[in-house]
Amino acid sequence: MRFDLRFKSRLIAPLLAAAIALPASAGPVPPAADAPAPKKTAPAKPAPAKPSAPPSAAPKAAAPAKPAAAAAAAKPAEPTGPIRVPPSVRELHVVATVDATQEWKKNDPEHPGEQWSKGSTQQRYEITTRLRSDGKLHLRNLLDPILNNRLEAKTIHLARMAKERLGKPGQPAKLPETPEEKQAFTLALQRANIACEGDPTCYYNLQMDAAIIMAAMEYPEAMNEDSDPGQYEYFVPYDDCPEKTRVTLKLLVEGVRYNKDAKAFIPFSERRSADTVNASDGLLLCRHFLAVIDTKDKDKPMYQETIFVPRPVGMTEYTENGHTSREQQPQPMPPPAVDWMTEVLRHAKSDGKASVSLPLPLPLNGNATWLGLWTGTANVTMEWTFREVPASTAPAKP
């Protein structure tokens, strides 16, 4: 079944962007929605006929014919709706390293002379978190590479989450319908947003709830379950998901630049270092992840939406013109490395490794205020696994 989900309002699109996964505290983990158009299954091939008994075999008495109704009852029913599978938890483990060198040159007509620097960095990132399935195989890939398919799948998924959260057994979900109810809903969102007072988890849950209700309001027909069986298993965040990260970083930049106070070209150096465990932006680490397993793709079954890399805080030491400053600061990972990691894991094997050499047109230290020409190379390696956790160590599903 396909739905006409051309967006009818400007509000739902940004809400969908924030609603990448279900916060488990809000209710049962729902299916994620993002898969290509349903595929028709080929009809089953008839079983080969059994060889006839040899002539010497004694004939058996024919079994009495079964009534038509009994024969029909004995025939297994065709599957309808999502296929139920045992709910499972998978652990995502990623280790990435960056070894980079870079040069900077600047020719300033106002201050003729050579300004330059050479820099290098060694970085290591280790990320471990878990995601949980909802025990269904869905028709659509929540992380379909085609954008329109992905948006359709997420919209349908969100609408069905509204049905699960807001409906009662045997009763439809109650949604705002009249202009007064819709206005009250909008005002309630505004008040709730203010009440969050900037808390990341509160804001995340609010955006998720708003996206769910908006999807159901805009596309109520999407709340109906599919009649065809699916092949995609969704893995989403849940409350108290275990997490572990460690980031180590060393960076050194040395060179010469024009100093306005000294009105001369002065040597400078910049050193950065970090060794941070479990860096956080205020959200559970798993809230930044969403995965899909295609049960029919034996080679590359895994889809990951994005790879979130925690940003460590470490010491920055800068020396110029005889003065040294020291400050605790967030330390940067080269943006091309993060982009490459996300692209590799967007559709990949469940276990694997990869490496690449990337150009570095932007400064290693993240300070883009310096004008000039930046050239360099980052050698990046990554290993990953996305494996099922044994039931004895996985949390019970609420």
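Counting with mature numbering (1 follows the signal peptide of the UniProt record, and there is no 0), you get residues -26 to -1, 1 to 372 for the letters of the sequence shown. We treat Cβ as the ideally placed atom computed from N, Cα and C, and that holds for glycine. The structure displayed is predicted, hence computed values, not measured ones.
C-alpha gap between residue i and residue j, whole angstroms
i, j, result
"D235", "D82", "16 Å"
"W358", "P306", "22 Å"
"M289", "Y212", "34 Å"
"K110", "D273", "21 Å"
"P216", "Y177", "21 Å"
"V363", "L66", "10 Å"
"I186", "K148", "13 Å"
"L334", "V227", "14 Å"
"A311", "S201", "42 Å"
"P119", "L113", "15 Å"
"T355", "M188", "41 Å"
"Y99", "W90", "29 Å"
"Y193", "T343", "47 Å"
"L117", "E138", "22 Å"
"Y292", "E244", "4 Å"
"P304", "K224", "13 Å"
"A190", "D183", "11 Å"
"residue 375", "R361", "There is simply no residue 375 to check, as the chain begins at -26 and stops at 372 in what is shown."
"N179", "A158", "19 Å"
"F239", "S247", "26 Å"
"A162", "V221", "40 Å"
"G346", "P150", "56 Å"
"A18", "Q96", "Low per-residue confidence applies at A18: pLDDT is 40, beneath 50, and the placement is therefore not dependable, though the value from the model is reported in the following sentence. So the alpha carbons of these two residues sit roughly 56 Å apart."
"L336", "L259", "28 Å"
"G204", "N122", "19 Å"
"T71", "T160", "46 Å"
"E294", "W348", "20 Å"
"D214", "Q278", "20 Å"
"S329", "R58", "38 Å"
"N341", "T269", "45 Å"
"H321", "I101", "18 Å"
"P153", "N167", "21 Å"
DSSP bridge partner residues for residue i (one or two, in chain order)
i, result
"N123", "According to DSSP, which records beta bridges pairwise, N123 is partnered with nothing at all."
"K110", "R58"
"V354", "V72, V330"
"A248", "L223"
"L66", "T103, F360"
"P241", "V230"
"R98", "T71, T222"
"Y193", "Answer is none; Y193 lacks a bridge partner."
"R300", "E291"
"E207", "I267"
DSSP state of residue i mapped onto helix, strand, coil
i, result
"K156", "helix"
"E279", "coil"
"D235", "coil"
"H321", "coil"
"K79", "strand"
"E291", "strand"
"A18", "Unreliable placement is indicated for A18, whose pLDDT of 40 sits below 50; the coordinate value is still reported in the next sentence. Coil, per DSSP."
"D214", "coil"
"A265", "strand"
"K92", "strand"
"Q181", "helix"
"R165", "helix"
"residue 377", "Residue coverage of the chain in this structure runs from -26 to 372, which leaves residue 377 outside it and unanswerable."
"W314", "helix"
"L347", "strand"
"A253", "coil"
"C170", "coil"
"K285", "What sits at residue 285 in the sequence shown is Arg, not Lys. In this structure, R285 counts as coil in the three-state DSSP scheme."
"P128", "It is Lys, not Pro, that sits at residue 128 in the sequence shown. In this structure, K128 counts as helix in the three-state DSSP scheme."
"L117", "coil"
"P28", "Here P28 scores only 39 on pLDDT, less than 50, and its place in the model is too uncertain to base an answer on."
"M307", "coil"
"L140", "helix"
Integer Cβ distance of residue i from residue j, believed to fall under 8 Å
i, j, result
"P61", "R106", "7 Å"
"P174", "G256", "3 Å"
"T280", "N252", "That belief does not hold up - the Cβ atoms of T280 and N252 are roughly 19 Å apart, past 8 Å."
"A127", "M197", "That belief does not hold up - the Cβ atoms of A127 and M197 are roughly 14 Å apart, past 8 Å."
"V210", "L264", "6 Å"
"A352", "P308", "5 Å"
"K327", "M276", "Actually they are not in contact, since the Cβ atoms of K327 and M276 sit about 14 Å apart, beyond 8 Å."
"E77", "G350", "6 Å"
"G229", "K92", "6 Å"
"A133", "L338", "So it is not a contact: roughly 45 Å between Cβ atoms."
"E207", "I267", "5 Å"
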